[in-house]
Structures are given as structure tokens and as C-alpha cells.
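Asks: Have a look at this one.
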Amino acid sequence: MNKLKIAFVAALGVALVAFPSFAEGKSFGERNYDIGLTAGFWLPGTVSVHNDLMSDDFDKDAGLILKGFADMYIVPRFAIGAFASYSKSTLTVYGEPVDAAMYEAGIAFKPRFLLSPTVALKPGFNFGYRGMSAPDLGGDSDGDGMALDISAELQFDRFEGFLPHLEAGFLTQPVGGTDDVWISWAPIFYLGVGITF
């Protein structure tokens with residue numbers, strides 16, 4: 002799992018260096034694609050864990066979330082894209098802190114609404130695959146699940162070549178887990194800031 006984490010961070014680093022050279026530098030109505038990076042916090046929430054022998058809810062602390070996305074506009078105000086994200090947080094499991102990490106990748110559908118000539122709102126419906134790891138639990142603690150997420154980017158057309166944005170949304174997992182337990186959670190919100198090229 003460490004190799005996957007290193008590869009993910011390296012890809013984000015390359016994106017930060019390389020994407021500005023591909024920046025469109027166009028107004029909202031002229032853009033053919035958006036390539037963006039977001040960093041923020043996944044807020045506290047509750048994670049449900051259950052199997053045939055137990056069913057418990059565990060508190061999740063706030064944690065880091067990093068997200069990259071690439072959206073192609075198939076019509077001027079509607080994009081289909083792909084995303085990848087990494088998040089890290091701490092769960093309290095029977096009184097003990099347990100570090101957990103998640104990796105996520107999937108596809109997104111995003112309309113764009115112009116609020117003014119220099120401000121656009123871009124909500125998104127995102128779904129895909131989520132991988133999970135909690136090495137502190139020992140044994141086979143790696144799992145996977147279905148990611149169903151909602152996002153909303155508020156983009157500001159203030160600079161030549163890139164758009165700063167604010168992003169808010171939630172992550173949810175209706176189904177998933179390990180070989181031993183089911184892991185799911187209702188929407189848990191996140192907040193972030195980023196750059197769209």
C-alpha cells in the first residue's frame with residue numbers, strides 16, 4: 002500500500018508542475034476542459050461496521066483530503082470527467098485511535114452554471130471504486146467499497162490561465178468492507194480549495 006501512496010503523491014506532484022503549461026486561458030464559455038487539484042479537510046463523521054456477530058458505529062476525526070480531476074465539456078455547460086482522491090483520518094475504535102487511509106477513483110458528471118461573467122458553480126455527481134487501509138488493526142484490514150459522492154466547485158475567473166476554486170461536498174459509502182466486516186457510512190462532508198487549469 003505504501004507504493005500506491007507514493008505513486009499517488011508523485012502523480013499529484015507531476016500534475017502541479019505540468020498542468021499549468023496546458024492551461025487553456027479561456028473564459029468559461031470557451032473552455033473545452035477543466036483539469037483541477039483540490040486540497041482540504043474531510044470533516045468528522047460516523048462509520049458503521051457490522052457483520053453477523055457485531056454492529057457498531059465508530060467516530061471519525063477530521064482528516065486530510067487531496068483530489069485531482071479532469072473534466073471534458075461535451076457541450077458548453079456540461080462535462081463528463083474522471084477523478085482520483087486520497088484521504089486520511091483517524092477512527093476511534095473501542096476507545097483506541099486507528100489511522101485509516103482511502104484511495105478513490107471514478108467518473109463524474111458535472112453541469113456548469115454561470116452566476117456572473119467571472120463566477121461559475123459546477124456541481125458534480127461522482128461515483129467509482131474506493132480502496133481502504135487501516136494497518137493499525139493488523140491482519141487483513143484492507144478493504145474496498147463503492148464511492149458515491151457529491152461535489153460542488155465555485156470557480157472564479159480572475160487570472161489568466163487558471164481558475165481558483167472553492168470546493169465542498171460529501172463522501173458516502175453505501176456498500177463495502179473487508180472479508181470480515183461490512184463498512185459503510187452516510188454522507189460525511191468535506192471542504193477544500195484548489196486550482197483549475
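Numbering of the sequence shown is given in my numbering, commencing with residue 2 and proceeding in unit increments.
Think of the CB as a built atom: it goes at the ideal place given N, C-alpha and C, for glycine as much as any other residue.
In this structure, does DSSP put Gly178 in helix, strand or coil?
Replies: It is a strand residue.
Asks: Measuring alpha carbon to alpha carbon, tell me which of Ala63, Tyr74, Asp150, Phe128 ends up nearest Asp100.
Replies: The shortest C-alpha separation from Asp100 is found at Ala63.
Asks: Unbroken beta strand (DSSP E) runs of length 3 or more, entirely within the segment 119 to 145: which are they?
Replies: 120 to 134, all fully within the segment 119 to 145.
Asks: Does the distance from the CB of Ser49 to the CB of Ser134 come in under 8 Å?
Replies: Their beta carbons are not under 8 Å apart, which means Ser49 does not touch Ser134 by this criterion.
Asks: What does the alpha-carbon distance come out to for the pair Phe171 and Glu161?
Replies: Cα to Cα, the separation comes out at about 30 Å.
Asks: Taking all protein chains shown into account, decide if Glu154 is buried (16 or more other Cβ within 10 angstroms of its Cβ) or exposed.
Replies: Glu154 is buried by the Cβ-count criterion.
Asks: Measure from the alpha carbon of Gly82 to the alpha carbon of each residue in Val176, Pro124, Arg159, then state which is nearest.
Replies: Looking at the Cα atoms, Pro124 is the closest of the given residues.
Asks: Determine the contact status of Tyr191 and Gly41, defining contact as a CB-CB distance below 8 Å.
Replies: Result yes, Cβ atoms of Tyr191 and Gly41 sit closer than 8 Å.
Asks: Taking the DSSP output, what are the residues bridged to Met73?
Replies: Note: Met73 sits in a beta bridge opposite Tyr34, Ile81.
Asks: Taking the alpha-carbon positions, what's the Leu17 to Arg159 distance?
Replies: Interpretation of Leu17 is limited by its pLDDT of 48, a score under 50 that renders its predicted location unreliable; no figure is taken from the coordinates.
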